[in-house]
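Visitor: Would you mind keeping the following structure in view while I ask a few things?
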Amino acid sequence: MSQPVVPLDPMTPRPDGRPVLCEPLAGITLASADLERCRRFYGGALDLRVDTMRWSGEAAQQLARHFGIAAHDALDVLLLTRPGLPDALTVRVVRVAPDRPTSRPGLDCRFDGPLGFGVPVRGLAQRHAIVEAYGFMANAGVTTMTFPRSDGTTYDIGETHWVAPDDVMVPGVDRAHLQPVGSIDPGLAIGGPSYSSALVSDVDRYGEFLDQILGYELRREFTFESEGPQGGMKLAKGIRVRFQQWFAPGSRTGYLVIMQLLSERLRAPNGLGLKNRGIGLWSFPTFKFGEVEDRIARHGTTVLGSPTELEMPGIGRCRSIVIATPDDFPVEIFQC
Numbered sequence: 000m001s002q003p004v005v006p007l008d009p010m011t012p013r014p015d016g017r018p019v020l021c022e023p024l025a026g027i028t029l030a031s032a033d034l035e036r037c038r039r040f041y042g043g044a045l046d047l048r049v050d051t052m053r054w055s056g057e058a059a060q061q062l063a064r065h066f067g068i069a070a071h072d073a074l075d076v077l078l079l080t081r082p083g084l085p086d087a088l089t090v091r092v093v094r095v096a097p098d099r100p101t102s103r104p105g106l107d108c109r110f111d112g113p114l115g116f117g118v119p120v121r122g123l124a125q126r127h128a129i130v131e132a133y134g135f136m137a138n139a140g141v142t143t144m145t146f147p148r149s150d151g152t153t154y155d156i157g158e159t160h161w162v163a164p165d166d167v168m169v170p171g172v173d174r175a176h177l178q179p180v181g182s183i184d185p186g187l188a189i190g191g192p193s194y195s196s197a198l199v200s201d202v203d204r205y206g207e208f209l210d211q212i213l214g215y216e217l218r219r220e221f222t223f224e225s226e227g228p229q230g231g232m233k234l235a236k237g238i239r240v241r242f243q244q245w246f247a248p249g250s251r252t253g254y255l256v257i258m259q260l261l262s263e264r265l266r267a268p269n270g271l272g273l274k275n276r277g278i279g280l281w282s283f284p285t286f287k288f289g290e291v292e293d294r295i296a297r298h299g300t301t302v303l304g305s306p307t308e309l310e311m312p313g314i315g316r317c318r319s320i321v322i323a324t325p326d327d328f329p330v331e332i333f334q335c
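Residue 234 in numbering that gives the first Met the number 0 sits at position 235 of the sequence shown; the count goes up by one each step and never skips.
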């Protein structure tokens with residue numbers, strides 16, 4: 000059997016015409032105890048639009064139950080968007096109690112679980128100066144990363160790894176003359192959130208989940224060695240890491256970066272999800288909710304939140320189900 004054609008640039012869709020089941024990643028939900036600090040980083044340093052919402056009563060309790068949010072009678076939410084760029088992800092920040100730990104203490108990249116999300120940038124040095132002016136830092140300054148193409152050649156891109164509140168990593172990515180990871184606002188020289196990343200216990204099991212449940216396609220896979228403490232992930236030098244990029248068919252953004260440490264990996268000490276601070280949920284839209292339900296049942300995927308009708312902050316009335324990845328991270332699939 001012939002293998003599918005893999006594009007030289009993973010931002011380019013594969014030409015095999017695979018049908019779409021789940022659309023590109025559309026939303027990320029974070030839990031935080033300090034909404035003002037989040038407003039300063041995301042709204043100030045990254046120039047995202049920030050809207051404040053408060054949900055109370057039964058509507059808030061229904062959302063908290065469905066998504067596993069550690070909340071009380073009301074939900075205070077920041078809605079982060081990039082107006083004018085329809086392919087930018089929406090980020091929701093939900094307030095939780097200050098005694099909740101983070102899912103990735105100290106931004107330690109040895110732990111399994113979601114790591115962060117990336118934004119496209121033109122001119123990393125200028126944006127990095129803005130981020131620092133707001134009082135935030137990067138793990139390794141502005142660096143050059145070398146990536147392989149499917150034909151064996153390589154190309155370089157600029158990256159910096161900003162440390163966001165609640166132990167979340169936010170890479171700024173400048174692909175220079177190449178297709179950016181998402182649309183960029185020409186007036187700001189920065190786009191909105193365009194992809195999300197996670198460290199996982201087994202990329203093969205995770206890949207089966209992304210393929211069989213979400214209908215995503217693998218566009219890039221390679222193994223690299225960590226640079227040492229001076230690198231963006233702050234791992235010990237020489238740790239081998241399997242790296243994959245998964246996209247919805249036909250898409251150029253809203254993708255997932257999945258990595259597995261081949262040594263020294265650790266289970267998340269505080270569990271995953273919105274009971275703790277940090278990234279607690281990915282949200283994927285679909286126009287084939289019934290087919291997704293059939294796949295979930297057929298593969299025995301764990302259901303964390305049963306199919307239900309919900310009023311979603313920033314979206315409206317939707318049908319939603321929450322399932323678990325192989326590492327028990329919550330994933331929402333919804334149809335509006």
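Glycine included, C-beta positions come from ideal geometry on N, C-alpha and C. Here the structure is a predicted model, which is why all the values come from computation and not from measurement.
(1) Cβ atoms of Asp326 and Leu271: under 8 Å apart, would you say?
(2) Using a Cβ-Cβ cut-off of 7 Å (strictly less than) and excluding sequence neighbours within five positions of His65, which residues of its own chain qualify?
(3) Any chance the stretch 203–216 sits against the stretch 160–173, with 3 or more Cβ pairs inside 8 Å?
(4) Would Thr351 be called buried (16 or more neighbouring beta carbons within 10 Å of its own) or exposed?
(5) Report the rounded CA-to-CA distance for Pro164 versus Glu131, giving the unit in angstroms.
(6) Leaving out the 5 sequence neighbours to the left and right, which residues in its chain are closer than 6 Å to Ser282 when beta-carbon positions are compared?
(7) Going straight from the alpha carbon of Met136 to that of Ala44, what length do you get?
(8) Buried or exposed: Pro18, going by 16 or more other Cβ atoms within 10 Å of its Cβ?
(9) How many angstroms separate the CA atom of Pro104 from the CA atom of Gly230?
(10) Could you check whether Asp86 and Gly181 sit closer than 8 Å to each other, using their CB atoms as the reference points?
(11) On the premise that Glu22 lies in contact with Ala247, defined as a C-beta separation below 8 Å, what is that separation, rounded to the nearest angstrom?
(12) Apart from the five residues on each side of it in sequence, which residues of its chain come closer than 8 Å, Cβ to Cβ, to Gln2?
(13) Taking Cβ positions, are Arg219 and Gln178 nearer each other than 8 Å?
(14) Does Leu62 pass the burial test, meaning 16 or more other C-beta atoms within 10 Å, or should it be called exposed?
(15) Using 8 Å as the threshold, is the C-beta distance between Gly249 and Thr28 below it?
(16) State buried or exposed for Arg91, treating a residue as buried only when at least 16 other CB atoms are found within 10 Å of its CB.
(17) Tell me which same chain residues have a C-beta within less than 6 Å of the C-beta of Arg251, skipping the five on either side of it?
(18) Can you look up Tyr154 in the DSSP assignment and give me helix, strand or coil?
(19) DSSP state of Phe242, grouped into three classes?
(20) Please report how far the alpha carbon of Ala128 lies from the alpha carbon of Asn275, in whole angstroms.
(21) Taking 8 Å as the CB-CB cut-off, is Gly112 touching chain B?
(22) In chain order, what are the residue ranges of uninterrupted alpha helix (DSSP H) at least 4 long that sit wholly in the stretch 8–63?
(23) Spatial neighbours of Ile156 within its chain, please: C-beta separation below 8 Å, excluding the five flanking residues on both sides.
(24) Quick one: residues in its chain with C-beta nearer than 7 Å to the C-beta of Leu260, no 5 flanking neighbours on either side, listed in chain order?
(25) Give the C-beta separation of Leu74 and Val93 to the nearest angstrom, bearing in mind that I take them to be a contact with Cβ-Cβ under 8 Å.
(26) Under three-state DSSP, which class holds Phe208?
(27) Note the first and the last residue of the continuous beta strand (DSSP E) segment covering Leu273.
(28) Pull the bridge partners of Met311 from the DSSP assignment, please.
(29) With DSSP collapsed to three states, give me the class of Leu234.
(30) Between the Cα of Gly115 and the Cα atoms of Leu265, Pro12, Glu216 and Ser102, which residue gives the shortest distance?
(31) Could you round the C-beta distance between Pro284 and Ser195 to whole angstroms and report it? I think they count as a contact, below 8 Å.
(32) Following the continuous beta strand (DSSP E) through Gly171, name the residue where it begins and the one where it ends.
(33) Does the Cβ-Cβ distance between Gly313 and Leu47 come in under 8 Å?
Guide: Judging by the given coordinates:
(1) yes
(2) Gly304, Thr307, Leu309, Ser319 and Val321
(3) no
(4) Absent from the structure is residue 351, since the part of the chain shown begins at 0 and ends at 335.
(5) 14 Å
(6) Ala25, Gly26 and Glu331
(7) 11 Å
(8) exposed
(9) 18 Å
(10) yes
(11) 6 Å
(12) With a pLDDT of only 48 at Gln2, under the threshold of 50, the placement of this residue in the model should not be trusted; the figure read from the coordinates follows. Answer for Gln2: no residue qualifies.
(13) no
(14) buried
(15) no
(16) buried
(17) Met10
(18) strand
(19) strand
(20) 30 Å
(21) This model lacks chain B altogether, as it is built from one protein chain only.
(22) 34–37
(23) Thr143, Met144, Phe146, Val172, Asp173, Arg174, Ala175 and Leu177
(24) Arg109, Leu198, Ile238 and Val240
(25) 6 Å
(26) helix
(27) Counting along the chain, Leu273 falls outside any beta strand (DSSP E), and DSSP gives it neither H nor E.
(28) Gly315
(29) coil
(30) Ser102
(31) Actually they are not in contact, since the Cβ atoms of Pro284 and Ser195 sit about 15 Å apart, beyond 8 Å.
(32) Val167 to Asp173
(33) no
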